[in-house]
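Using my numbering, read the sequence shown as starting at 16 and increasing by one per residue. A quick write-up on the structure given underneath.
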Amino acid sequence: GGILANGYIDATGCITCPLHHYKFNMETGRNISSEEYYLKTYPVKTDGIELWIGM
């Protein structure tokens with residue numbers, strides 16, 4: 016797959032894969048372009064200074 020860090024994030028909070036142009040909802044990981052692929056998501060919390068990612 017493509018490197019999502021190089022992808023495009025639109026105004027609706029979806030990220031587009033720069034290689035395959037699949038579009039994913041960043042909250043759910045759901046592929047809104049196709050039902051074949053999904054992304055694993057993790058809970059994230061911030062207090063404005065620090066960021067915690069649950070794994």
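Note that the Cβ used here is the ideal one computed from N, Cα and C, for glycine as well.
A residue is called buried when at least 16 other Cβ atoms come within 10 angstroms of its Cβ; Y37 meets this threshold and is buried. Between N21 and P33, the C-beta gap is smaller than 8 Å, which places the two residues in contact.
Within the model, the alpha-carbon separation for T61 versus D25 is close to 22 Å.
Y57 is positioned such that its CB atom lies closer than 8 Å to that of M70.
Looking from the CA of H35, the closest CA among E42, Y23, W67 belongs to Y23.
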